[in-house]
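Report on the following structure.
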Amino acid sequence: MVDFIDMLTGGIAIGAIYGLVGMGFVLIIKASKILNFSQGAMMMLMAYVFWSLCVQVGLPIWLAFAGTFCIAIALGMLVEKLLLRPMVGQPLLAVIMMTISLSIFFDGAVCLFWQTQTYSAPNFLPGDIIRIGKLSILQEYVASFIIVVILAFAFSIFFLRTKLGLSMRCVAEDEQASQALGIRPTTVYMVAWVISFIVATVAGILFASMQSVSYTINNLGLKVFAVVLLGGLDSLIGAAVAGIVVGVLENMSAWYIDPMVGGGMKEIAPYIIMIIVLMIKPSGLFGSKAIERV
Amino acid sequence: MTNYMRNIKVSLIVGLLVALLLMPAIASGHIMNLLILILITIVAVHGVNIVLGFCGEITVAQAAFVGVSAYCFAILSEAGCPWIVSMIVGVAVTCSIGLLFGLPALRVKGFYLLMVTLGAQFILPWVFSHWKSVTGGLVWGQPVPEITILGQTINSDLEKYYVALVVCSIMTVIVWNIKRSRVGRALTAIRDNDLAAEAMGINVFKYKLIAFFLCALFAGVAGFLWAIYTEHLFPDHFYLMDSVWYIAMLIVGGMGTISGAILGTAFLLVLSELTVIYAPVFTNLLPFEFSAASGVSLGSLMFSVIIMLFLIFEPRGITHAVTFISQKLEGYQS
């Protein structure tokens with residue numbers, strides 16, 4: 001029973017991060033209908049940048065945070081201006097290949113500058129263990145979960161209440177009508193990408209401090225597709241909920257099925273979930289888009 | 001096109017074939033290896049071309065299908081089957097798996113079908129590495145016994161090259177004929193507007209299944225060639241990155257065209273070789289300190305930059321640029 005709770009909390013903590021990355025993904029889809037395959041690579045790059053700023057440059061942690069966020073914002077604006085602007089209106093394949101090559105680019109950059117070595121991230125999350133009776137829950141899991149929940153709320157408020165969020169929703173629904181109203185779609189795209197980069201930064205740093213700064217963070221980006229498909233391609237709340245579900249299911253399948261197949265279930269469990277979801281309900285739990293039948 | 005251009009095109013193709021036949025006389029071992037790799041990859045890329053270029057559906061599972069065929073061939077041959085039987089069974093298994101992952105085309109399309117193939121691309125290599133009793137797993141790999149054609153054992157680079165050349169030429173002719181046949185035209189109609197195609201009487205689902213079947217067929221043949229070439233199989237060769245490379249080769253070469261598959265493959269593979277060779281030269285110029293891994297990472301960087309440039313400036317690939325130039329020249333003719 002104690003092990004079960006351990007597995008559950010671990011799954012929820014990782015799942016919260018999946019949900020966060022999923023939200024970043026859904027954000028870009030809602031704003032500009034571009035599918036961003038490079039979320040994972042962004043996470044990895046930002047985690048390494050954070051590590052460098054903390055350890056190699058020697059900045060105090062809060063300054064390293066600020067520095068990483070500045071770099072994330074700058075990168076987001078640069079990427080959007082140079083690479084994604086020409087892709088607006090192009091067929092799906094061009095957009096996907098552009099983001100895939102972006103992720104390969106970040107991959108190569110990490111390889112080049114940090115030689116894909118695994119480092120241990122500086123700890124800023126509380127490291128104690130909360131004991132409730134016989135159960136022990138790591139404080140850092142709780143802390144990261146709280147951070148993710150706060151961010152999720154912040155996003156919801158941003159989208160529903162602020163003027164910029166409203167204009168993003170307008171552009172997603174009908175670009176030309178929004179232009180007729182005086183909303184600039186390019187600003188919306190830029191904001192969407194910058195937010196997505198920031199989300200990837202937070203997720204990458206959280207993940208790195210819970211585990212380590214390593215090359216495998218990259219693979220998370222692809223697992224997030226399972227999350228987004230389960231939750232619905234255009235639902236922020238769906239992404240958050242589905243993230244936790246996938247995180248828990250992944251841990252559970254690793255726990256129960258691994259002994260039978262000799263390990264590695266953690267890698268492919270999200271993809272099996274994804275295929276099942278695609279077969280049963282392609283629009284996901286909370287998604288609203290009607291998927292065209294062939 | 002005019003007779004003049006057609007003559008030029010035919011003579012170019014003939015010249016290329018002659019050059020390829022005579023290549024072993026002038027090329028060193030390293031270049032031969034590169035050529036064999038190019039020929040094998042061309043077969044796989046033809047398969048992706050059928051699904052992506054002709055039919056318009058994105059598939060990122062081709063590398064996994066190649067792996068399925070390679071492993072089937074290796075396992076059956078090790079168990080004692082004659083190699084022709086193993087090859088046919090391997091291709092058949094790959095085709096059925098291709099059909100299996102094409103079945104979701106009945107329910108979803110576009111991005112969602114892409115996700116199904118992405119799932120396949122992760123699950124199949126996982127099976128390769130974890131079904132250790134059958135496939136030898138990640139560490140030991142799967143050995144491939146040598147084959148004999150007409151009494152000659154194929155174990156030198158020269159013999160492998162000719163086998164690859166013959167098979168690749170046959171598959172190129174096959175895909176060329178598919179393109180011009182009823183099936184190819186139906187697929188093109190589906191790509192351009194599937195609702196209109198359905199209205200015209202083309203059974204869209206059936207033809208999409210046919211497209212996936214043919215794609216897996218080409219992957220099967222490529223897997224067989226790959227198994228013969230590298231006499232030891234590891235799951236590492238069949239990951240997502242390779243599938244993405246196939247799509248990139250099509251984009252660079254020109255999607256939907258036969259010459260596009262060939263040109264794109266040759267271009268990207270030659271470029272990656274050159275990058276690996278010249279990486280040390282390049283890193284010496286940079287002011288930073290880099291380690292020995294720079295070759296691989298520079299390869300990735302160069303690859304991604306090339307794709308991005310092609311996507312922004314020439315999304316229809318080299319073939320389109322060549323056609324454009326030749327049409328301009330034609331205009332200056334007569």
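Protein sequences appear in the order of chains A and B. Just so you know, we're using the working numbering here: the first sequence kicks off at 1 and counts up by one. Just so you know, we're using the working numbering here: the second sequence kicks off at 1 and counts up by one. C-beta atoms are modelled at their ideal positions from N, C-alpha and C, and glycine is treated no differently.
Using a threshold of 9 Å, state whether the C-beta atoms of G76(A) and I198(A) are closer than that.
yes
Nearest-angstrom Cα distance between I247(B) and F267(B)?
13 Å
For L295(A), three-class secondary structure by DSSP:
The requested residue 295(A) does not occur in the structure, where chain A is confined to residues 1 to 294.
What would DSSP say about L37(B), mapped onto helix, strand or coil?
helix
Which chain B residues sit within Cβ distance under 8 Å of S196(A)?
Within chain B, no residue has its beta carbon less than 8 Å from that of S196(A); the closest one is some 18 Å off.
Closer than 7 Å at the beta carbon, the chain A residues around R191(B):
Per Cβ cutoff of 7 Å: no residues; R191(B) is ~10 Å from chain A at best.
Endpoints, the alpha helix (DSSP H) within which Y229(B) is located:
V204 to Y229
Three-pair Cβ contact test at 8 Å for the region 205 to 221 of chain B versus the region 12 to 32 of chain B
no
Chain B residues whose Cβ lies nearer than 8 Å to that of M279(A):
P104 and R107
Taking CB distances under 9 Å as the criterion, tell me whether S169(B) reaches chain A.
no
Is the CB of E292(A) under 9 Å away from at least one CB in chain B?
In this prediction, E292(A) has a pLDDT of 49, which is less than 50 and means its spatial position is unreliable; what the coordinates show is noted afterwards. So yes, E292(A) belongs to the interface.
Roughly how many angstroms separate the alpha carbons of W131(B) and L52(B), rounded to a whole number?
31 Å
Quick check on this structure: which residue in N177(B), K208(B) and L240(B) has the alpha carbon closest to the alpha carbon of A61(B)?
L240(B)
Alpha carbon of N7(B) to alpha carbon of L16(B), nearest angstrom
As the crow flies, the alpha-carbon of N7(B) is around 14 Å from that of L16(B).
Could you tell me whether any Cβ in chain B is nearer than 9 Å to the Cβ of L8(A)?
no
Checking contacts by CB at 9 Å: is F286(A) closer than that to chain B?
no
Would you say D107(A) reaches chain B, if we count a Cβ-Cβ gap shorter than 9 Å as a contact?
yes
Shortest alpha-carbon distance to S209(A) belongs to which of G19(A), V57(A), E140(A) and V49(A)?
E140(A)
Which value, in whole angstroms, describes the spacing of the CA atoms of N203(B) and C95(B)?
Taking the straight line from one Cα to the other gives about 20 Å.
Status (buried if at least 16 other CB within 10 Å, exposed otherwise) for V245(A):
buried
Kindly confirm or deny that the region 42 to 53 of chain A and the region 237 to 252 of chain A touch, where touching means at least three C-beta pairs closer than 8 Å.
no
The alpha helix (DSSP H) spanning K109(B) covers which residue range?
K109(B) -> no alpha helix (DSSP H), and no H or E assigned at all.
So for Q176(A), helix, strand or coil by DSSP?
Q176(A): helix per DSSP, three-state reduction.
Coil, strand or helix - T118(A) by DSSP
coil
Nearest residue (CA-CA) to V48(B), options V305(B), A222(B) and V89(B)
A222(B)
Close beta carbons around V89(B), own chain, < 7 Å, minus the five adjacent residues each side:
C72 and L76
Is it true that the region 226 to 243 of chain A meets the region 23 to 35 of chain A, where meeting means three or more beta-carbon pairs spaced less than 8 Å apart?
yes
Going by the DSSP bridge assignment, what does T153(B) pair with across the sheet?
T148(B)
Quick one: residues in its chain with C-beta nearer than 6 Å to the C-beta of A172(A), no 5 flanking neighbours on either side, listed in chain order?
K30 and A31
Residue interval of the alpha helix (DSSP H) (run including K9(B)):
First-last of the alpha helix (DSSP H) with K9(B): N3 to I26.
Inter-stretch contact at 8 Å, needing at least 3 Cβ pairs: the region 302 to 310 of chain B / the region 97 to 104 of chain A:
yes
So which residues on chain A does S300(B) lean against when the C-beta distance must stay under 7 Å?
Residues of chain A whose Cβ lies closer than 7 Å to the Cβ of S300(B) are, in chain order, I104, D107, G108 and C111.
Our contact map puts A164(B) next to L39(B) with C-beta atoms below 8 Å; I'd like the distance itself, whole angstroms only.
4 Å
When the Cβ atoms of the region 62 to 76 of chain A are set against those of the region 186 to 206 of chain A, are three or more pairs found closer than 8 Å?
yes
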